[in-house]
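Chains as they are written, first to last, in our numbering: chain A, 9 to 286; chain B, 25 to 311.
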C-alpha cells in the first residue's frame, strides 16, 4: 500500500464548524437576525434549535490520494463537501487550497441538466455551469463522447435517459473539467458495473498525473475498498476516524456507525470487508 | 496533524476579507467569466417553453399580438373615454402600462432570483448573479417584442414620434435600476422573511394605482393628487412616455433627481445582496 503522508498538500481542512437550524421558523428568524447584526454571525455558541452539522472537522488531502469519505446518512458528509466546494459558508475554521486550484464536485447528477434538450446540448449547459468556455467545451467534446460511450443516444432528449445513461453523461462532463480536486458525492451509485469499473480505473490513473486528488463520498464499503487510498469516517458531524488502512477504517465504520443494522447484517458487512479480494 | 506549514496554501474564501464594494467588483468580474453560461441559460429559457411546439418561437409574437387586438377593438368600440391626455387615451394606457410592466417585471425577476435557483445553488459553485443577469436579459427580450408591436399600434392611434424619441430605451434604465435594486432586497427577504416579501409584492402591484398609468397625471382628488406628485414613478414613467410620444422633456430636473436615486437604490440593493446572499442560500428550503 502506498504511503501518501509525504506527498505535497492539495487541500487542508482545519477545525471547520458549521451549524444549522432544526426548526423552519427559527431558521428564518436567525437568518434575519444574522443579516441585521452581522458581527454576531459567527459566534460559537449554539442558539435554541441549532445543532452542529460539522463539528471541529480537520483533514488533509495530498497529491495522488483518493480519500474515501464514509458515514451513515445525515452524518454531515455532503455538508462538509459543500463547504469545501465553496457552496456553504463555514462558521469557524478554515479551508486551505493552492491559489487558483480548481475544484469540481458532482452532488446531484441531474442538477442543471435540461430534460427537453439533447445530451449534447446539455454538455454545453452543464460544462458552462462548471465555468468552462465554449472553446474549452468544444475541445473536450470528443473526450466526453468517448468517455460516456452513449453513441448516437447523445442526440436524444436528456429527459428520456435512464439513470445510468444520465450518470455516464454527467460524470463524463465533470471529468472533462480537469479538476485538481474532484469531489464525487455518491455520483457513482448508479450506472452499470462496466461503466463503474471504467470510472474507477480512470480515477486511479487520473490522480497519478500529479497535482490531483479525489474526495470520494460513498456508503458502499466495496467501492471504497476498491478505490480509496485513505478513509475518513464521519459520525454526527465529526470525523471520528482517519486512516490509510482502509480495511480497519471500514471495520470501525461498520462497528460504530451503523447503529440501526441488525447483528447478522453487520457481520455480513464485516465479512465482506475482511474477505474482500483486491 | 498539521505539523507542516503549508506556505503554498491559501484560504479558499480569502475574498471575505475584502470590503463589500471590492467584493461587488469581484463578482461583476466573475460573472463576466461565466458569460458563456449566461448565453446558454438565456437560450435555454427562451426556447424551453416552445420546445414541444411546432410553431415555436412565433408564440413570442402571437401572445402580444392578441393583446394589441384587444386594445384596437376597445378603441373601435369607443368605450374608452379620454381624460386630459396629450395622446389618444388607449394609446396613453397602452404605452404607460407597458412601461409600468417593464418596471414591475424588473422587480419581479430580481426578487425571485434566490428562491427559484436553490437546486442549482446547492449543487454547484457558480456566481449567483449569473441567474440575475440571465433573468434580466430574458425580461428585456420579453419586453422588446411587444413594445415594437405597441409602437405600430400607437401609429395606428395617430401618435407621431419625434427625433428625440430615439432616446426612449435609455430613459428606461433608471426604472430597471430601481426595479432590480428593490428586487434584490426582497430576494433576500423572500428566503427569511416571507411575510415581508409578500407585503412588498402587494405594495408594488398597488403602486400602479398611485402612478398616472391608467389615468391622466392631473388628478382631481386632492389626496391622490398629492401622492401622485410625490411618487418618483410619476416622473420616471412620465418622462419616458412623453419623450417617446412628443419628444419633450417633461419635468427633466425631477426625472434626473429620481434617476440618480434609482441608481443609488440599485447599488445599495446589490451591496446588500452581495453581503448576505451566500449566508441565506443554506437557509433555503425546497418547496
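From the three backbone atoms N, C-alpha and C, an ideal C-beta is built for every residue, glycine too.
Residue i at chain B interface by Cβ criterion, 8 angstroms
| i | result |
| --- | --- |
| residue 139/A | yes |
| residue 90/A | yes |
| residue 115/A | yes |
| residue 25/A | no |
| residue 17/A | yes |
| residue 11/A | no |
| residue 171/A | no |
| residue 96/A | yes |
| residue 271/A | no |
| residue 120/A | yes |
| residue 275/A | no |
| residue 102/A | yes |
Residue i: contacting residues in chain A (beta-carbon distance under 8 angstroms)
| i | result |
| --- | --- |
| residue 244/B | Neighbours of residue 244/B on chain A: none; closest Cβ ~43 angstroms, over 8 angstroms. |
| residue 223/B | Correct list: empty, because the minimum Cβ distance to chain A is about 14 angstroms. |
| residue 212/B | 43 |
Beta-carbon contacts of residue i that lie in its chain and below 6 angstroms, excluding the five residues immediately before and after
| i | result |
| --- | --- |
| residue 138/B | 211, 215 |
| residue 85/A | 77, 79, 225, 242 |
| residue 141/B | 155 |
| residue 135/B | 207, 210, 211 |
| residue 115/B | 178, 181, 183 |
| residue 282/B | 256, 259, 260 |
Burial state of residue i (16 or more Cβ within 10 Å)
| i | result |
| --- | --- |
| residue 272/A | exposed |
| residue 187/A | buried |
| residue 138/A | buried |
| residue 65/A | buried |
| residue 121/A | buried |
| residue 78/B | exposed |
| residue 297/B | buried |
| residue 172/B | exposed |
| residue 203/B | buried |
| residue 53/A | exposed |
Identity of the residues DSSP links to residue i by a beta bridge
| i | result |
| --- | --- |
| residue 242/A | 79/A, 247/A |
| residue 152/A | None; residue 152/A has no bridge partner. |
| residue 99/A | Paired residues: none, contrary to the question. |
| residue 189/A | 111/A, 221/A |
| residue 27/A | 60/A |
| residue 34/B | 105/A |
| residue 68/A | 20/A |
| residue 74/A | 222/A |
| residue 165/A | 126/A |
Residues that residue i contacts on chain B, provided the C-beta gap is smaller than 8 angstroms
| i | result |
| --- | --- |
| residue 124/A | 72, 75, 76 |
| residue 142/A | 60 |
| residue 32/A | 309 |
| residue 106/A | 32, 33, 34 |
Chain-ordered chain B contacts of residue i [CB-CB under 7 angstroms]
| i | result |
| --- | --- |
| residue 42/A | 303 |
| residue 93/A | 149 |
| residue 3/A | Any question about residue 3/A goes unanswered here, given that chain A covers just 9 to 286. |
| residue 133/A | 64, 68 |
beta-carbon residue i near the ligand ATP non-hydrogen atom, thresh 7 angstroms
| i | result |
| --- | --- |
| residue 81/A | Among the components modelled here there is no ligand, and therefore nothing to report on the ligand ATP. |
Same chain, Cβ closer than 7 angstroms to residue i, neighbours up to 5 away in sequence not counted
| i | result |
| --- | --- |
| residue 195/B | 263, 264, 267 |
| residue 182/B | 112 |
| residue 180/A | 152, 155, 156 |
| residue 102/A | 22 |
| residue 236/A | 74, 75, 76, 224, 254 |
| residue 59/B | none |
is_contact[residue i, chain A] using C-beta, thresh 8 angstroms
| i | result |
| --- | --- |
| residue 153/B | no |
| residue 147/B | yes |
| residue 106/B | Residue placement at residue 106/B is flagged as unreliable, the pLDDT there being 49, under the threshold of 50; the coordinate-derived value follows with that caveat. So no, residue 106/B is outside the interface. |
| residue 140/B | no |
| residue 41/B | no |
| residue 64/B | yes |
| residue 36/B | yes |
| residue 90/B | no |
| residue 143/B | yes |
| residue 300/B | yes |
| residue 44/B | no |
| residue 258/B | no |
| residue 68/B | yes |
Own chain, CB closer than 8 angstroms to residue i, minus 5 neighbours either side, in chain order
| i | result |
| --- | --- |
| residue 81/A | 227 |
| residue 38/A | 29, 55, 58 |
| residue 50/B | 39, 42 |
| residue 157/B | 55, 62 |
| residue 280/A | 229, 230 |
Proximal residues of chain A, C-beta to C-beta of residue i below 9 angstroms
| i | result |
| --- | --- |
| residue 58/B | 136, 137, 139 |
Under 7 angstroms from the C-beta of residue i: neighbouring residues of chain A
| i | result |
| --- | --- |
| residue 215/B | 39 |
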